[in-house]
Amino acid sequence: MKKIRVALADDHPLVLAAVSDLLHKTGKYEVVAAVTTPSALVQQLADDPRIDVVITDYFMEGDETFGDGIRLVTYLIRHFPRVQVLVLTMMSNPMIVAALYDIGVRSVLLKRHDMSELLSALENVRLGRIHHPPSLVPNEFHSSPLRSMADGLSSLTPKEYEVLRHFVRGESMMQIAANLKRSVKTVSAQKISAIRKLNLDSDQALVAFCLESGEFQ
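For what it's worth, the working numbering labels the leading residue of the sequence shown as 31, then goes sequentially.
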C-alpha cells in the first residue's frame with residue numbers, strides 16, 4: 031500500500047520527534063518534513079505537491095509572514111486545498127475548535143491526551159471522514175475551578191481569543207493589530223470585551239488567568 035506523505039509543524043522538537051516516531055512505527059505514513067515555523071511549512075508545501083496530510087500545532091510564535099492559529103490554518107486550506115489539515119494543540123476552546131472545523135480542518139486533537147487518537151484521526155481522514163475525538167467534549171473538566179475557567183474561555187469569540195493569545199505573549203495593541211490585520215481600535219475593544227466576559231478587572235489579572243488556564247502556552 032502506498033504510504034501517506036505527511037508534513038509536521040510544531041515549534042517543540044520533542045513533539046516533532048514523538049509524532050514522527052509514532053507514524054513511522056505504523057508503516058503506513060512517510061514523514062517527509064518536520065519543521066518548526068509556519069514559513070518553513072508553507073515553503074515545504076509549495077515545494078512538494080505530493081504531500082497528503084499536514085499535522086500542525088496551533089501556537090507557533092515569531093512568524094510575521096504567515097502567523098499562526100486561525101490565520102495560518104486558513105492560509106493552508108485556501109492555498110493547498112488538496113492537503114488534509116489536522117491540528118494538534120494544547121488549546122481546547124470550543125469556539126476555536128468549531129471555527130477550525132468550519133474552515134475545513136479534518137481533526138483537532140489535544141496534545142495532553144493519548145497520542146493513539148492521532149492514528150484514529152489519520153485513519154478517518156484516509157477514509158474521507160472528519161474526525162471528532164472523544165477527548166473534546168464539554169464534560170472534560172470535573173473540578174469547579176477548571177470548569178469555571180473553561181466556561182469563561184468558552185464565552186470568548188474566536189477573534190477575542192486570538193487577541194488574548196497575542197496579548198499574553200507581551201505584544202502591544204499596535205503589534206496585535208498588525209499581526210491580526212485589524213485596527214488598533216478593534217483589537218482594543220476585543221480585549222476589553224474579553225476582560226468583561228472573564229470577570230476580570232485588569233490587564234495583570236488577564237495575563238494571570240491566561241497563563242493559569244494553560245490554553246495560551
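Glycine included, each C-beta is placed from N, C-alpha and C at the ideal position.
- Locate the alpha helix (DSSP H) running through VAL217, then write down its first and last residues. Counted from its first residue, the sequence shown places residue 217 at position 187. Where VAL217 is concerned, the enclosing alpha helix (DSSP H) stretches over 214-227.
- So is GLU245 buried or exposed if we call it buried at 16+ other beta carbons inside 10 Å? Taking the sequence shown and counting its residues from 1, one reaches residue 245 at position 215. With 16 or more other Cβ atoms within 10 Å, it is buried.
- Task: With distances taken Cα to Cα, identify the nearest neighbour of PRO188 among LEU139, THR56 and ALA129.
- Result: As a working note, residue 188 is residue 158 in the sequence shown. Here the closest residue by C-alpha is ALA129.
- 8 Å CB neighbourhood of ALA207 in its chain, flanking five on each side removed: Within the sequence shown, the letter at position 177 stands for residue 207. Around ALA207: SER213, VAL214, THR216 and VAL217.
- By DSSP, does VAL62 sit in helix, in strand, or in coil? The residue labelled residue 62 in the question sits at position 32 within the sequence shown. Of the three classes helix, strand and coil, the one that applies to VAL62 here is strand, per DSSP.
- Within this structure, are the beta carbons of THR86 and VAL117 separated by less than 8 Å? Along the sequence shown, read from residue 1 onward, the residue named residue 86 stands at position 56. Along the sequence shown, read from residue 1 onward, the residue named residue 117 stands at position 87. In contact: THR86 and VAL117 (Cβ atoms closer than 8 Å).
- Item | Reduced DSSP secondary structure (H/G/I, E/B, other) of ILE133 | As a first step, residue 133 is located in the sequence shown; it is residue number 103 there, counting from the start. Three-state DSSP puts ILE133 in a helix.
- Query: Identify the residues that DSSP records as bridge partners of LEU118: which are they?
  - Reply: Position 88 of the sequence shown holds residue 118. DSSP, once it has assigned bridges, lists LEU139 as partnering LEU118.
- Closer than 6 Å by C-beta to SER174: which residues in its own chain qualify, once you throw out the five before and the five after it? Chain order, please. Within the sequence shown, residue 174 is the residue found at index 144, counting from 1. Its pLDDT being 39, under 50, SER174 is placed unreliably by the model, and nothing is read from it.
- Query: Which class does HIS161 belong to by DSSP, given the choice of helix, strand or coil?
  - Reply: Translated into positions along the sequence shown, residue 161 becomes position 131. DSSP places HIS161 in strand when its eight states are reduced to three.
- Rounded straight-line distance, which links the Cα of ASP77 to that of PHE171: Mapped onto the sequence shown, residue 171 falls at position 141. Mapped onto the sequence shown, residue 77 falls at position 47. Residue placement at PHE171 is poorly supported in this model, since its pLDDT is 39, which falls under 50; the coordinates still yield a value, given next. For PHE171 and ASP77, the distance between alpha carbons rounds to 42 Å.
- Proximity to ARG142 [Cα-Cα], best of LEU149, MET121, ASP98 and ASN154: Here residue 142 refers to the residue found at position 112 of the sequence shown. Ranking the options by Cα distance to ARG142, first place goes to MET121.
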